[in-house]
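As structure tokens, the structure follows; a few thoughts come after it.
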Amino acid sequence: MPRMALGISYNGRDFHGWQSQPDLPNIQDCLEQSLSLFTQHPIRVICAGRTDAGVHAFNQVVHFDSPVERPLYSWIKGVNANLPPDIRVNWSKVVADDFHARFDAVERSYLYYLRNEPVRMPVWRGIVGWEFRPLDVHKIQEAMTRLVGEHDFSSFRASECQAKSPIKHMYEACVEQHGALFIFKFRANAFLHHMVRNLIGSLLYVGQGRKPVSWISDLLDQKNRSLAAPTFMADGLYLSDVRYPDWQASDLYTEKLFGKNW
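My numbering puts the sequence shown at residues 1035 to 1296.
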């Protein structure tokens, strides 16, 4: 049976995360219901990374099997027609029969958007994080350089995390400031449960001057979640990209957006 991959974007503000669960709105159920309606047979999807309640995505990747054959743009238009406005299919792709959206991914990227200002503007609720204490972007960036490389991230791992190993390889960790807006970027082979939000919480302690830059290195060495800062809010967190050996999700979105399929 042919296997398809889809690129999915969503605003997670009003959903209880990606994963299917009874009696609670979630991304997976909405997508599977729309796909099942489009194909006229039950569909189950596997995603690259299960996002938590309130977390968003620019480029989530899923795969599923279906005997239905349609032009690629028909998958996009047809499935989107039955999705709520906070979820969209960005692109579609025929993949190998053994392709796996989660296990074949070699890199994942997350962005965290944060406003640093005295009053939290209502228009940013649910889509951008907020911190009222002044932040020093230079201290934060210096601390983030210590995250790059292979480390044991146990200090930034949720207690309910089911990952087999806390050791991950961080390829990139950086921050940009544009006025009151801070944009954090993390790119790694994989992430632990709540890892990015736990990192943000501790990096903000450094940016506020509550902890020194060296504290981040200490936390990596101590491997103790209780010593790090509390988990930060989900609002500003976005799964921004997923890379596979031969292609990258964000590239496919660009090709579909500016290509000739439309």
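Even for Gly, the Cβ is constructed at its ideal location relative to N, Cα and C.
Within 10 angstroms of its Cβ, does residue i collect 16 or more other Cβ (buried), or is it exposed?
i: T1265; result: buried
i: A1130; result: exposed
i: M1035; result: exposed
i: H1212; result: exposed
i: V1128; result: exposed
i: Q1074; result: exposed
Roughly how many angstroms separate the alpha carbons of residue i and residue j, rounded to a whole number?
i: D1138; j: I1077; result: 20 Å
i: W1158; j: F1190; result: 26 Å
i: R1037; j: E1206; result: 32 Å
i: D1132; j: G1235; result: 38 Å
i: S1260; j: F1072; result: 47 Å
i: Y1287; j: L1215; result: 25 Å
i: W1164; j: C1064; result: 29 Å
i: L1233; j: R1047; result: 21 Å
i: H1090; j: I1161; result: 8 Å
i: L1253; j: D1170; result: 20 Å
i: S1070; j: V1102; result: 11 Å
i: D1280; j: V1140; result: 10 Å
i: E1176; j: V1209; result: 10 Å
i: L1151; j: D1255; result: It is Glu, not Leu, that sits at residue 1151 in the sequence shown. Using only the alpha carbons, I get a separation of about 33 Å.
Could you check whether residue j and residue i sit closer than 8 Å to each other, using their CB atoms as the reference points?
i: V1079; j: H1050; result: no
i: A1224; j: R1142; result: yes
i: V1093; j: S1274; result: According to the sequence provided, residue 1093 is Asn. The question's Val does not apply to it. Taking 8 Å as the Cβ cut-off, N1093 and S1274 qualify as a contacting pair.
i: Y1107; j: V1230; result: no
i: P1054; j: L1117; result: Per the sequence shown, the amino acid found at residue 1054 is Ser instead of Pro. Going by C-beta atoms, S1054 is not nearer than 8 Å to L1117.
i: A1135; j: A1082; result: yes
i: M1204; j: F1218; result: no
With a threshold of 8 Å on Cβ separation, who are the neighbours of residue i within its own chain once the five nearest residues in sequence on each side are excluded?
i: H1228; result: D1086, F1190, R1191, A1192, C1195, T1265
i: S1188; result: P1200, K1257, N1258, R1259
i: R1154; result: W1164, F1166
i: D1285; result: none
i: A1197; result: R1191, A1224, L1226, H1227
Who are the Cβ neighbours of residue i in its own chain at under 6 Å, not counting the five residues just before and after it?
i: L1058; result: H1050
i: N1124; result: G1041, S1043, Y1287
Compare the C-beta of residue i with all C-beta atoms of chain D and state if any pair is closer than 8 Å.
i: M1229; result: Given the protein chain composition of this structure (a single chain), no chain D is represented.
Given residue i, which residues of its chain have a CB within under 7 Å of its CB, disregarding the five upstream and five downstream residues?
i: K1173; result: V1240, G1241, V1247
Those runs of the beta strand (DSSP E) which lie wholly inside the stretch 1048-1136 and span at least 3 residues: 1090-1099, 1121-1129
Ranges of the alpha helix (DSSP H) found wholly within the stretch 1197-1274, counting only runs of at least 4: 1229-1241, 1248-1256
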